[in-house]
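What follows is a short report on a single structure.
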Amino acid sequence: MSDYVIAPPVIAALPIQGSGQMFPVRRIFCVGRNYAEHAIEMGSDPSREPPFYFTKPSDALVVDGADMPYPPMTKQLHHEMELVVAIGSAGADIPVAQAMGHVWGYCAGLDMTRRDLQNEAKKTGRPWDMGKGFDNSAPMGALVPARGVDVSKGRIELKVNGKVVQSSDLSKLIWSVPEVISNLSHLVRLAPGDLIMTGTPEGVAAVQRGDLLEGIVEGVGEVRTRIV
Numbered sequence: 001m002s003d004y005v006i007a008p009p010v011i012a013a014l015p016i017q018g019s020g021q022m023f024p025v026r027r028i029f030c031v032g033r034n035y036a037e038h039a040i041e042m043g044s045d046p047s048r049e050p051p052f053y054f055t056k057p058s059d060a061l062v063v064d065g066a067d068m069p070y071p072p073m074t075k076q077l078h079h080e081m082e083l084v085v086a087i088g089s090a091g092a093d094i095p096v097a098q099a100m101g102h103v104w105g106y107c108a109g110l111d112m113t114r115r116d117l118q119n120e121a122k123k124t125g126r127p128w129d130m131g132k133g134f135d136n137s138a139p140m141g142a143l144v145p146a147r148g149v150d151v152s153k154g155r156i157e158l159k160v161n162g163k164v165v166q167s168s169d170l171s172k173l174i175w176s177v178p179e180v181i182s183n184l185s186h187l188v189r190l191a192p193g194d195l196i197m198t199g200t201p202e203g204v205a206a207v208q209r210g211d212l213l214e215g216i217v218e219g220v221g222e223v224r225t226r227i228v
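This is the structure in structure tokens:
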């Protein structure tokens, strides 16, 4: 057994629907601007340019409906409702036709964003890390195993304090789930435990302390958190 000089970090993990087992999380990859309407609202061209990615640390997860603390150094905390893909088997240079065989399951998730920090980073050509990868920036629901789940279509929706603020369909993804998996696997070797947040539809906006966020991905599940 290794003798560490400090205690190793706790393994980040997602709950699994109907099971006492957990899914250990290795890395969180996020696809940027993968719905045309969201690309437009962010001032970008919604054409089918190659997907691009940013990351969040695995310990940014917020699970089991826990509260999300309002993060420091921002006045524009934005919600971004997303389908999350959990990778179950490793692979590099995966063909699109084989991509879904690497999926363990899916869940609903929120890519919470310090928009003012992200926008400033964009202006100066700097990385987005502090706008995207901060503490507690990835609330997620329980995973559902992939077998029998169709993510080529289905409603994706977010309510804030009971009001629908984001509503779209998975069929509107610019790059589909298998295409994203294949593309990303040409950039990095995907490994069991990796998560891929597949992008958000239009309607992103700021939230405040006390707001209740409730999201759903049809056929997959729900995510819930309150900003405190």
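Numbering (full-length UniProt numbering), first residue to last: 1 to 228.
Don't be surprised by glycine CBs; every beta carbon is placed ideally from N, CA and C.
Next item on the list: Select from Pro201, His102, Gln118 and Asp93 the residue whose C-alpha is nearest the C-alpha of asparagine 34.
Entry: The count along the sequence shown starts at 1 and reaches residue 34 at position 34. Across the set Pro201, His102, Gln118 and Asp93, the C-alpha of Pro201 shows the shortest separation from the C-alpha of asparagine 34.
Item checked: Own chain residues within Cβ distance below 7 Å of glutamine 118, not counting five before or after -> Locating residue 118 in the sequence shown gives position 118, where the first residue counts as 1. Closer than 7 Å at the Cβ level, and outside the excluded window around glutamine 118, lie Trp128, Gly131 and Lys132.
Notebook entry, point to check: According to the neighbour-count rule (16 or more other Cβ atoms, all chains shown, within 10 Å of its Cβ), is glycine 141 buried or exposed?
Noted result: For this step, residue 141 is matched to residue 141 along the sequence shown. With 16 or more Cβ atoms within 10 Å of its Cβ, glycine 141 is classed as buried.
Checklist line | Under the three-state DSSP convention, the category serine 168 falls into | finding: Within the sequence shown, numbered from 1, the residue matching residue 168 stands at position 168. DSSP places serine 168 in strand when its eight states are reduced to three.
Next item on the list: Check whether the stretch 169 to 177 touches the stretch 6 to 22, counting contact only when three or more Cβ pairs, one atom from each stretch, lie closer than 8 Å.
Entry: Taking a cut-off of 8 Å on C-beta distances, the stretch 169 to 177 does not touch the stretch 6 to 22, as fewer than three cross pairs fall below it.
Notebook entry, point to check: When the distance is taken between beta carbons, is valine 31 closer than 8 Å to glycine 199?
Noted result: Taking the sequence shown and counting its residues from 1, the one referred to as residue 199 is at position 199. Taking the sequence shown and counting its residues from 1, the one referred to as residue 31 is at position 31. Contact flag set, yes.
Notebook entry, point to check: By Cβ distance below 6 Å, which residues in the same chain neighbour methionine 100 in space, the five residues on each side in sequence not counted?
Noted result: If you number the sequence shown from 1, residue 100 lands on position 100. Excluding residues within five positions, the ones whose Cβ falls inside 6 Å are Pro178.
Notebook entry, point to check: Between the C-alpha atoms of serine 182 and alanine 146, what's the straight-line distance to the nearest angstrom?
Noted result: The residue you call residue 182 lines up with position 182 of the sequence shown. The residue you call residue 146 lines up with position 146 of the sequence shown. Taking the straight line from one Cα to the other gives about 17 Å.
Checklist line | Option nearest isoleucine 156 by Cα separation, candidates Asp150, Ser167 and Glu120 | finding: Residue numbering aside, residue 156 sits at position 156 when the sequence shown is read from its first letter. In terms of CA proximity to isoleucine 156, Ser167 leads the group Asp150, Ser167 and Glu120.
Notebook entry, point to check: Going along the chain, which unbroken runs of the beta strand (DSSP E) with 3 or more residues stay wholly within the stretch 128 to 169?
Noted result: Qualifying beta strand (DSSP E) stretches, in chain order: 155 to 160 and 163 to 169.
Check: Under a Cβ-count criterion, where at least 16 other Cβ atoms within 10 Å of its own Cβ denotes burial, should leucine 187 be classed as buried or exposed?
Finding: Within the sequence shown, residue 187 is the residue found at index 187, counting from 1. Answer is exposed; the Cβ neighbour count stays below 16.
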